[in-house]
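Q: In the numbering used here, the protein residues as written are 31 to 165. Note that the Cβ used here is the ideal one computed from N, Cα and C, for glycine as well. Since the structure is predicted, the reported quantities are computational estimates derived from the model, not experimental observations.
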Amino acid sequence: MTLLVDTSVWSLALRRDGESDASEVIALRAALAGAESVVVTGLVLQELLQGFAGAKAQDANLEHFAALPLIQPDREDHIAAAQIRNLCRRNGVQIGTIDALLIQLCGRYDLTLLTTDQDFQHASKHVPLRLWNRT
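(1) Strictly by DSSP, which residues pair up with L132?
(2) Look up S67 in the DSSP assignment and give the residues it is bridged to.
(3) Quickly, what does DSSP pair I125 with across the bridge? List them, please.
(4) Between the Cα of V68 and those of N163, S41, L44 and I101, spot the shortest distance and give me the residue it belongs to.
(5) Are there three or more Cβ pairs, one per stretch, closer than 8 Å when the segment 124-133 is compared with the segment 60-75?
(6) Quick check on T194: does DSSP put it in helix, strand or coil?
(7) Would you give the residue range spanned by the alpha helix (DSSP H) that A111 belongs to?
(8) Is it buried or exposed for D107, if we count other Cβ within 10 angstroms and need 16 for buried?
(9) Please work out which residues of its chain come closer than 6 Å, Cβ to Cβ, to A111, disregarding the five sequence neighbours upstream and downstream, and give them in chain order.
(10) Taking the alpha carbon of L58 as the reference point, which residue from Q124, W40 and G48 has its own alpha carbon closest?
(11) Does the distance from the CB of E54 to the CB of T146 come in under 8 Å?
(12) When you compare the CB positions of F95 and L117, do they come within less than 8 Å of one another, or not?
(13) Could you pull the start and end residues of the alpha helix (DSSP H) that V157 belongs to?
(14) Using 8 Å as the threshold, is the C-beta distance between I125 and D149 below it?
This is the structure we're talking about:
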């Protein structure tokens, strides 16, 4: 299984005020230790860098991501993500633009999404999306 890790999990894992014991963070640590493959996309990296102040924190985060494969959306991914967002909205589920693109990338690359964001649970009832679970 290859994981695309959402910003919500990275934020918990990289917090400076202590280690998180959330199951998603534990799964991320295990994956990074070799249990699973992990990929990242530029939008998640950008969100993380925007959330940390100072060059030292930014450099440390960039170092964490340097070894991870970077997947990049193309024009068709953006078109499909818009369709995903519209379908969810028609079914009463509000998801953000970035979330819709992450769902699309998971489908395109056959990835499992590791997230703590419940919006993805709601979206997965209307669009194909494989979410990591604690089992």
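A: A quick look at the data gives this:
(1) As computed with DSSP, L132 is found in no beta bridge at all.
(2) Beta-bridge partners of S67 (DSSP): T32.
(3) As computed with DSSP, I125 is found in no beta bridge at all.
(4) Of all alpha-carbon atoms in N163, S41, L44 and I101, the one lying nearest the alpha-carbon of V68 is that of I101.
(5) The segment 124-133, when compared against the segment 60-75, does touch it at the 8 Å Cβ threshold.
(6) Because residue 194 is not part of the residues shown, which for the chain are 31 to 165, the question remains open.
(7) First-last of the alpha helix (DSSP H) with A111: R105 to R120.
(8) That one is buried.
(9) A130, L131 and Q134.
(10) Measuring from the Cα of L58, the nearest candidate turns out to be W40.
(11) With contacts defined as CB atoms closer than 8 Å, E54 and T146 qualify as a contacting pair.
(12) Contact: no.
(13) V157: not part of any alpha helix (DSSP H); DSSP gives it neither H nor E.
(14) Yes, these two residues count as a Cβ contact at 8 Å.
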